[in-house]
Amino acid sequence: MLDGDELTWDDWADLFEEVDREKTEREKNKNT
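Residue numbers (numbering that gives the first Met the number 0): 0 to 31.
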């Protein structure tokens, strides 16, 4: 894992996008 100071905004965007996608997947699975 990179040191926090080395993360660029793009890295953070990718990170949050991934987390968001996982959350969405979990919600979908819960509702079926």
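For every residue, glycine included, the Cβ atom is placed at its ideal position computed from N, Cα and C.
Where does residue i fall in DSSP's three states?
| i | result |
| --- | --- |
| threonine 7 | coil |
| threonine 31 | coil |
Taking 6 Å as the cut-off, is the CB of residue i close to at least one heavy atom of the ligand MN?
| i | result |
| --- | --- |
| threonine 23 | Among the ligands in the structure shown, none appear at all, so the ligand MN cannot be discussed. |
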